[in-house]
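**Q** Supplied in structure tokens, the structure appears directly below.
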């Protein structure tokens, strides 16, 4: 298989969608504190089937069911450390089984996810939990995912700079490739910020020059907030990743989703134009949505083949209007026509 770094250098890679919400849509109970990680123990076949559905839809990356799979979380469910880490490793094997031929991203959720109180969307805990404690929390799972053969670790839904510092330190110590994905909000000033309120550009800049970081970006946020987040993420100087939620709202009191959702492939095309090389979805983004994203990326790849490496027309049978549309879609500036000099 082509290395992920080589793939990102040549074009976008299609991620999967929200694994836990897809399992829920298939009738599985993910309401416990372990969320989808419960099924690693109780119904691994369900996890394989969900991975297979995303792969069939065109996903090139399978993200493991380990977002909430932590030593502490499994301990609360009565499992010891050895059993917990075995289930973390199992998440990689199940992803490989369900999506053979795909890359596997080992999901590393934030400390707040283990608290099961929604604090990953505020980052409030970093006021009491320091970087050293966060490193100790993340270390066992990151090591287990790497040892099990994950191609990359998806350190995702990170709400604060302190947690980014922690996972960067662990990735460097373990020498494993990672992508860093913040969950962000956009203020009235149009600036993307972490859920803790820090300027996202400053947090992304922490990853600059760290060789283990293959991409940075945003997930578990509204699609409308992706553009500002990607603009901020450019400060890291690496490929970008974008996999937002469906856009529906979550009613915490009623514990249900509200409104309508879905990722517009045209929006995703704009993210690709802005530098996103890993594109998919998070909560409530299912196989049908991923299929639409995959079709968009295939069209963009075909369109890009109409151009030379310099972005100039490379085929005589393509109309100038199509070429202009292609340049716009993949983020290239328009070509200014010039008149040949008289001879």
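In UniProt numbering, the protein residues as written are 1 to 343.
Virtual Cβ for every residue (Gly too), placed ideally from N, Cα, C.
All values derive from a computational prediction rather than experimental measurement.
Anyone know if the C-beta pair for residue 216 and residue 165 falls short of 8 Å?
**A** Here residue 216 refers to the residue found at position 216 when the chain shown is read from its first residue. Here residue 165 refers to the residue found at position 165 when the chain shown is read from its first residue. Not in contact: residue 216 and residue 165 (Cβ atoms no closer than 8 Å).
**Q** In whole angstroms, give me the CA-to-CA distance for residue 313 and residue 19.
**A** Position 313 of the chain shown, counted from the first residue, corresponds to residue 313. Position 19 of the chain shown, counted from the first residue, corresponds to residue 19. Because residue 313 carries a pLDDT of 41, less than 50, the predicted location of this residue cannot be relied on, and the following value inherits that uncertainty. Roughly 40 Å between the two C-alpha positions.
**Q** Taking the C-alpha atoms as reference points, what is the distance between residue 151 and residue 104?
**A** Here residue 151 refers to the residue found at position 151 when the chain shown is read from its first residue. Here residue 104 refers to the residue found at position 104 when the chain shown is read from its first residue. Their Cα atoms are separated by approximately 5 Å.
**Q** Taking just the CA atoms, how far does residue 115 sit from residue 163?
**A** Translated into positions along the chain shown, residue 163 becomes position 163. Translated into positions along the chain shown, residue 115 becomes position 115. Distance between the alpha carbons of residue 163 and residue 115: 15 Å.
**Q** For the beta strand (DSSP E) holding residue 243, just list the boundary residues, first then last.
**A** By 1-based counting over the chain shown, the position of residue 243 is 243. Residues 240–243.
**Q** Skipping 5 residues on each side, what residues in its chain have a beta carbon closer than 7 Å to that of residue 92?
**A** Locating residue 92 in the chain shown gives position 92, where the first residue counts as 1. Result list for residue 92: 64, 104, 106, 145, 148, 149, 150, in chain order.
**Q** Taking the Cβ atom as the reference point for each residue, do residue 218 and residue 206 lie within a distance shorter than 8 Å?
**A** Taking the first residue of the chain shown as 1, we reach residue 218 at position 218. Taking the first residue of the chain shown as 1, we reach residue 206 at position 206. No, Cβ-Cβ distance for residue 218 and residue 206 is not below 8 Å.
**Q** Nearest to residue 273 by CA position, among 240, 258, 187, 249, is which residue?
**A** On the chain shown, position 273 is the one that residue 273 refers to. Taking only the C-alpha atoms, the option nearest residue 273 is 240.
**Q** Suppose the cutoff is 7 Å on Cβ atoms and the five residues either side in sequence are ignored; what does the same chain contact list for residue 201 look like?
**A** The count along the chain shown starts at 1 and reaches residue 201 at position 201. Result list for residue 201: 232, 235, in chain order.
**Q** So is residue 277 buried or exposed if we call it buried at 16+ other beta carbons inside 10 Å?
**A** The residue you call residue 277 lines up with position 277 of the chain shown. Buried, since its Cβ has 16 or more Cβ neighbours within 10 Å.
**Q** DSSP has residue 145 in a bridge; who is on the other side?
**A** For this step, residue 145 is matched to residue 145 along the chain shown. DSSP output for residue 145 lists no bridge partner at all.
**Q** According to DSSP, what are the bridge partners of residue 256?
**A** To locate residue 256, count along the chain shown from 1; it is residue 256. The partner list for residue 256 (beta bridge, DSSP) reads 251.
**Q** Go through its chain and collect everything with a Cβ distance to residue 1's Cβ below 6 Å, but skip five positions before and after it.
**A** Against the chain shown, residue 1 aligns to sequence position 1. There are no such residues.
**Q** Check the C-beta distance from residue 74 over to residue 82 and give it rounded, since I have them as a contact under 8 Å.
**A** Numbered from its first residue, the chain shown carries residue 74 at position 74. Numbered from its first residue, the chain shown carries residue 82 at position 82. That pair is no contact at about 10 Å.
**Q** Measuring straight from C-alpha to C-alpha, what distance separates residue 27 and residue 51?
**A** Residue numbering aside, residue 27 sits at position 27 when the chain shown is read from its first letter. Residue numbering aside, residue 51 sits at position 51 when the chain shown is read from its first letter. Roughly 15 Å separates the two Cα atoms.
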